[in-house]
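Chemist: Have a look at this one.
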Amino acid sequence: MRPKPAGMCKVVRRTRVRGGGGLDRGAAILLSVICVVLVTAFNDWSKEKQFRGLQSRIEQEQRFAVVRNGNVIQIPVAEMVVGDMAQVKYGDLLPADGILVQSNDLKIDESSLTGESDHVRKSADKDPMLLSGTHVMEGSGRMLVTAVGVNSQTGIIFTLLGAGEGEEEKKEKKGKQPDAAVETNQNKAKKQDGAVAMEMQPLKSAEGGEVEDGTKKKTSVPKKEKSVLQGKLTKLAVQIGKAGLVMSAITVIILVLYFVIETFVVEGRQWLAECTPVYVQYFVKFFIIGVTVLVVAVPEGLPLAVTISLAYSVKKMMKDNNLVRHLDACETMGNATAICSDKTGTLTTNRMTVVQAYMGDQHFREVPDPSQVNANILETLVSAIAVNSAYTSKIMPPDVEGGLAKQVGNKTECGLLGFVLDLKRDYAPVREQIPEEKLYKVYTFNSVRKSMSTVIQLPDRSFRLYSKGASEILLKKCSSIVGTGGDARGFRPRDREEMVKKVIEPMACEGLRTICIAYRDFPANPEPDWDQEADIVTDLTCICVVGIEDPVRPEVPDAIRKCQRAGITVRMVTGDNINTARAIAAKCGIIQPGDDFLCIDGKEFNRRIRNEKGEIEQERIDKIWPKLRVLARSSPTDKHTLVKGIIDSTVLEQRQVVAVTGDGTNDGPALKKADVGFAMGIAGTDVAKEASDIILTDDNFSSIVKAVMWGRNVYDSISKFLQFQLTVNVVAVIVAFTGACITQDSPLKAVQMLWVNLIMDTFASLALATEPPTESLLLRKPYGRNNPLISLTMMKNILGHGIYQLVIIFTLLFVGEKIFNIDSGRNAPLHSPPSEHYTIIFNTFVLMQLFNEINARKIHGERNVFDGIFSNPIFCSIVLGTFGIQIVIVQFGGKPFSCAPLNVEQWLWCLFVGVGELLWGQLIATVPTHRLKCLKGET
Numbered sequence: 001m002r003p004k005p006a007g008m009c010k011v012v013r014r015t016r017v018r019g020g021g022g023l024d025r026g027a028a029i030l031l032s033v034i035c036v037v038l039v040t041a042f043n044d045w046s047k048e049k050q051f052r053g054l055q056s057r058i059e060q061e062q063r064f065a066v067v068r069n070g071n072v073i074q075i076p077v078a079e080m081v082v083g084d085m086a087q088v089k090y091g092d093l094l095p096a097d098g099i100l101v102q103s104n105d106l107k108i109d110e111s112s113l114t115g116e117s118d119h120v121r122k123s124a125d126k127d128p129m130l131l132s133g134t135h136v137m138e139g140s141g142r143m144l145v146t147a148v149g150v151n152s153q154t155g156i157i158f159t160l161l162g163a164g165e166g167e168e169e170k171k172e173k174k175g176k177q178p179d180a181a182v183e184t185n186q187n188k189a190k191k192q193d194g195a196v197a198m199e200m201q202p203l204k205s206a207e208g209g210e211v212e213d214g215t216k217k218k219t220s221v222p223k224k225e226k227s228v229l230q231g232k233l234t235k236l237a238v239q240i241g242k243a244g245l246v247m248s249a250i251t252v253i254i255l256v257l258y259f260v261i262e263t264f265v266v267e268g269r270q271w272l273a274e275c276t277p278v279y280v281q282y283f284v285k286f287f288i289i290g291v292t293v294l295v296v297a298v299p300e301g302l303p304l305a306v307t308i309s310l311a312y313s314v315k316k317m318m319k320d321n322n323l324v325r326h327l328d329a330c331e332t333m334g335n336a337t338a339i340c341s342d343k344t345g346t347l348t349t350n351r352m353t354v355v356q357a358y359m360g361d362q363h364f365r366e367v368p369d370p371s372q373v374n375a376n377i378l379e380t381l382v383s384a385i386a387v388n389s390a391y392t393s394k395i396m397p398p399d400v401e402g403g404l405a406k407q408v409g410n411k412t413e414c415g416l417l418g419f420v421l422d423l424k425r426d427y428a429p430v431r432e433q434i435p436e437e438k439l440y441k442v443y444t445f446n447s448v449r450k451s452m453s454t455v456i457q458l459p460d461r462s463f464r465l466y467s468k469g470a471s472e473i474l475l476k477k478c479s480s481i482v483g484t485g486g487d488a489r490g491f492r493p494r495d496r497e498e499m500v501k502k503v504i505e506p507m508a509c510e511g512l513r514t515i516c517i518a519y520r521d522f523p524a525n526p527e528p529d530w531d532q533e534a535d536i537v538t539d540l541t542c543i544c545v546v547g548i549e550d551p552v553r554p555e556v557p558d559a560i561r562k563c564q565r566a567g568i569t570v571r572m573v574t575g576d577n578i579n580t581a582r583a584i585a586a587k588c589g590i591i592q593p594g595d596d597f598l599c600i601d602g603k604e605f606n607r608r609i610r611n612e613k614g615e616i617e618q619e620r621i622d623k624i625w626p627k628l629r630v631l632a633r634s635s636p637t638d639k640h641t642l643v644k645g646i647i648d649s650t651v652l653e654q655r656q657v658v659a660v661t662g663d664g665t666n667d668g669p670a671l672k673k674a675d676v677g678f679a680m681g682i683a684g685t686d687v688a689k690e691a692s693d694i695i696l697t698d699d700n701f702s703s704i705v706k707a708v709m710w711g712r713n714v715y716d717s718i719s720k721f722l723q724f725q726l727t728v729n730v731v732a733v734i735v736a737f738t739g740a741c742i743t744q745d746s747p748l749k750a751v752q753m754l755w756v757n758l759i760m761d762t763f764a765s766l767a768l769a770t771e772p773p774t775e776s777l778l779l780r781k782p783y784g785r786n787n788p789l790i791s792l793t794m795m796k797n798i799l800g801h802g803i804y805q806l807v808i809i810f811t812l813l814f815v816g817e818k819i820f821n822i823d824s825g826r827n828a829p830l831h832s833p834p835s836e837h838y839t840i841i842f843n844t845f846v847l848m849q850l851f852n853e854i855n856a857r858k859i860h861g862e863r864n865v866f867d868g869i870f871s872n873p874i875f876c877s878i879v880l881g882t883f884g885i886q887i888v889i890v891q892f893g894g895k896p897f898s899c900a901p902l903n904v905e906q907w908l909w910c911l912f913v914g915v916g917e918l919l920w921g922q923l924i925a926t927v928p929t930h931r932l933k934c935l936k937g938e939t
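Following full-length UniProt numbering from start to finish, the sequence shown increments by one per residue and tops out at 939.
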């Protein structure tokens, strides 16, 4: 028995010396691994570069109004300097510290610094300090900037946070600071534009807590749940990984048992010390085959594909006016089932124009000629509009001669100021006569008041209050109305009801926003208690009611039709009158005649959703939201309640995915609660932008539809990649496993498997994840949160193409040498040179994957797999590039790649079998998916 093992050892050693491929193969594997790592690293780097560019774009978007050379200009917050006179207004996130010089009803949310959620009232003579990182919740004013960047309150906190990272790190960061182009948020806080970095942080920590716990606060805020796609992919990757591990372990165990039984039981050999290196080599070979199976089975390309697809989409979405702040929001939009949209500026143009007016007991269907209006009424009206509007609101000359005048500031106020100009009057002299500093008291507009009031002191020391606001609310506070001759007369509840019926409702039904303008005089002595607002803003005299038109954006009706066709319900949530909201909703196509829908106002909404104790009940919300299309006169709390109610609802089988638009500070909670929050880039406040996931740079609803397209495209791109990768996985694992068990060797060598892995993971993820979206994506319903990631059609394609490839590979493996009349590569010695037989198998396998990559471009059973292929140059480049590299590997790879050069005839046969994938794909497409009931259990 002894000579046998010794003989075997000698034969093996001679083979090893003659082959000399061990080092080459090892170097090739190392080179392949380095290649995979470098390509993956490059993709990650390019994604990070894109995301950093995105962050800097967001930071550059942050601008603040300052007065320089007597002019109000908007500058990037990084350019603010000490000594600047900054204009502070509702919704601002303060980028610097300062002292308040003048204020109107200013209230600040300092919770990001103090942890106290109560709003702090600020004024020039009482508590005038304003700190960076705090939010303006109400009012307006001017502040003198006293500290910026690292010297501001937030800058100091960031510096302290950075100091905790250790002295060496700190010094290193300071050394890099002057010339570093891309830095972390903490480093940014150490530069002058530290305020910019701060812009992205405070809201996340606005839940409360001490300043020292700044970092903890950020993590303590509940994170949004994992996105739909991420959750499904994580689950799938774990399942495939476990299956791959089991398969690789079984492969190694079978190979080892087969070798041990055949060598030591069947042949009766004994383990000799001198043969140990040979046996070890066999065991190492088996282990490498097992690892190869595992490498091919584990879909490490999945996260890469998601990352590439999202990063690519985010970059392209920027051109479609979607500035994405959170990557996963892009994908989540693809599953959106409901959109709760604002009206003003999103569905409409946000260019307000007064088109009707009721004054002096006359209803003017168009702007009247000044001669038709009593001079006293006209004078009072001009003063009321000029003084009782933010002085930052103004009408500027058009940029282009003959164009429309520019509206700067609050658009409703601009509409009223435009009305003054249409009446051949000018508001500027009134403001010069009564500058902002001389305003005695201002009750700024907020969502509770739904009105704005300003008190001025007249030359005789008496006071006059001007008020404007929602007509049905302000008219209830009016006890008089200015008549035809300019004199006030009594205004009884009966008169009010008649005006509502004959003036306000007809205006609202035409889609006009109705605003009431009123005034009240107070004696000089005794001076009223201005803090008792309820007693001050009452007993008013109505001057006029105007109807303001805000035209629907021309592209909105078509965009809403696309949403409805795509299975997305659009709801309008607005602060406007119910009749105005209903009229605009009809113009937009949100409501259609004959549909079973619900249009209610905030008061009715709250009555329906609350029980006797005033508590909100989910069951009550569930009775309303499915039919609700318009929610008018709603508060930000109502919007948040609706969004939460829809998300938490279990009425429908699928959990609703809700997108919300918002522009105001108080929209923050609803934007945060929504699956995707859209903030307005033009009209939106800093607080709303911070709470959002995506910023609409053009404030246009049609941009949301583009976001839906891109979101669905991400989902489809991942599905395409998944279909392709799982086909390769199934085939490669079965070939490696079966081949190893039957022939004691894998037909696909380790280095070849790494090349296949590079094709199917890195290159394929880049090729399939960069497909541009098409309108056809909006012709189907959302996938749904609970639908399986791998659809029936995808499963049919995976199994169909897998069967084709396995039949081809096993035919070549077991009878390939006879077909091509070449030497068999099966049962070759340990270090034998590469064979043509196994090279043909490897080449055919790769070419089948390349052509199947073209098939994978369509996942919904489409026949034309070439449709739009040239619109994606990345895909074409990768397929052609991979084919070119494959030729080089086969013809010149030699021992390192276990390849023997093939002749033209062999190449043509390999290509023929590869092209057969396309033909086979057409055959699979003819099989009706609904008949494959056996696949329905798959996930």
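Glycine included, C-beta positions come from ideal geometry on N, C-alpha and C.
#1: When DSSP labels each residue in this structure, what does Asn71 get in the three-state scheme?
#2: If contacts are defined as beta-carbon pairs under 8 Å, then Gln676 and Ile694 qualify, I think. What distance do you get, rounded to the angstrom?
#3: Taking DSSP as the reference, what is the three-state secondary structure of His837?
#4: Would you list the one or two residues that DSSP bridges to Pro76?
#5: Are the CB atoms of Val733 and Val296 nearer to each other than 8 Å?
#6: Should the region 575–591 be regarded as contacting the region 361–368, the criterion being three or more beta carbon pairs within less than 8 Å?
#7: Run the CB neighbour count on Ala273, radius 10 Å, all protein chains shown included, and call it buried at 16 or more, exposed below.
#8: To the nearest angstrom, how far is it from the Cα of Ala925 to the Cα of Ile859?
#9: Going by Cα to Cα distance, which pick from Ala670, Pro636, Pro626, Lys672 is closest to Gln656?
#10: Given a cut-off of 8 Å on the beta-carbon distance, is the pair Gly787 and Gln723 in contact?
#11: Check Ala764 in the structure and name its three-state DSSP category.
#12: Strictly by DSSP, which residues pair up with Gln362?
#13: So Ile809 and Val730 are in contact, right, with Cβ under 8 Å, and what is the actual spacing, rounded?
#14: Report all residues from its chain with a CB closer than 7 Å to the CB of Val904; omit the five preceding and five following residues, and keep chain order.
#15: Could you give the distance in angstroms between the alpha-carbon of residue 949 and the alpha-carbon of Ile99?
#16: To which residues of the same chain is Asp699 closer than 7 Å at the C-beta, ignoring the five residues directly before and after it?
#17: Apart from the five residues on each side of it in sequence, which residues of its chain come closer than 8 Å, Cβ to Cβ, to Gln618?
#18: Can you tell me the Cα-Cα spacing of Ser103 and Tyr90, whole angstroms?
#19: Which of the three DSSP states, helix, strand or coil, is assigned to Phe866?
#20: Answer with buried or exposed for Arg780, where buried requires no fewer than 16 other C-beta atoms within 10 angstroms of its C-beta.
#21: Would you identify the three-state DSSP class for Lys89, choosing helix, strand or coil?
#22: Where does the unbroken alpha helix (DSSP H) through Leu813 begin, and where does it stop?
#23: For Pro928, does the three-state DSSP call read helix, strand or coil?
#24: Got a sec? Which residues, its chain only, sit under 6 Å from Ser453 by beta carbon, not counting five neighbours each side?
#25: Heavy atom of the ligand FAD less than 7 Å from the Cβ of Tyr312, yes or no?
#26: Is Gln805 buried or exposed, if buried means 16 or more other CB atoms sit within 10 Å of its CB?
#27: Take Ser420 and list the residues in its own chain whose beta-carbon comes closer than 6 Å to its own, dropping the five residues that flank it on each side.
#28: Considering only their Cβ atoms, is the gap separating Met333 from Gly711 smaller than 8 Å?
#29: Leaving out five residues on either side along the sequence, give the residues of the same chain with a beta carbon under 8 Å from the beta carbon of Gly83.
#30: Report back the beta-carbon spacing between Arg565 and Arg629 to the nearest angstrom; my notes put them in contact at under 8 Å.
#31: For the alpha helix (DSSP H) that contains Leu423, what are its first and last residues?
#32: What does DSSP give as the partner residues of Met680 in its beta bridges?
#33: Going by CA-CA distance only, name the one from Met794, Val430, Val354, Glu79 that's closest to Leu512.
#34: Going by the CB atoms, is the gap between Leu131 and Asp97 shorter than 8 Å?
#35: Per DSSP, what are the beta-bridge partners of Glu138 in this structure?
#36: List the residues that DSSP assigns as beta-bridge partners of residue 959.
Modeler: On the basis of the supplied data:
#1: strand
#2: The question names Gln, yet the displayed sequence has Val at residue 676. Yes, Val676 and Ile694 are in contact; Cβ-Cβ is about 6 Å, under 8 Å.
#3: helix
#4: Arg63
#5: yes
#6: no
#7: exposed
#8: 10 Å
#9: Pro626
#10: The question names Gly, but residue 787 is Asn in the sequence shown. Going by C-beta atoms, Asn787 is not nearer than 8 Å to Gln723.
#11: DSSP places Ala764 in helix when its eight states are reduced to three.
#12: Met359
#13: With a Cβ gap of about 12 Å, Ile809 and Val730 do not count as contacting.
#14: If you ignore the 5 residues before and after Val904, its C-beta comes within less than 7 Å of no other C-beta in its own chain.
#15: No answer is possible for residue 949: the residues shown for the chain start at 1 and end at 939.
#16: Gly345, Thr346, Asn350, Met680, Gly681, Ile682, Ala683
#17: Gly645, Asp648, Ser649
#18: 12 Å
#19: In the three-state reduction of the DSSP assignment, Phe866 falls in the coil class, being assigned neither a helical nor a strand state.
#20: exposed
#21: Strand.
#22: 792–820
#23: coil
#24: Tyr443, Leu465, Ser467, Val537
#25: No copy of the ligand FAD occurs in the structure displayed, which carries no ligand at all.
#26: buried
#27: Residue identity check: residue 420 is Val in the sequence provided, not Ser. If the five residues before and after Val420 are omitted, its C-beta is found closer than 6 Å to the C-beta atoms of Val382, Ile385, Tyr427, all from its own chain and listed in chain order.
#28: yes
#29: Leu144, Val145
#30: With a Cβ gap of about 16 Å, Arg565 and Arg629 do not count as contacting.
#31: Where Leu423 is concerned, there is no enclosing alpha helix (DSSP H), given that its DSSP letter is neither H nor E.
#32: Bridge partners of Met680: Leu696.
#33: Val354
#34: yes
#35: Answer is Lys107, bridged to Glu138.
#36: In the structure as shown, the chain starts at 1 and stops at 939, and residue 959 therefore has no counterpart that could be examined.
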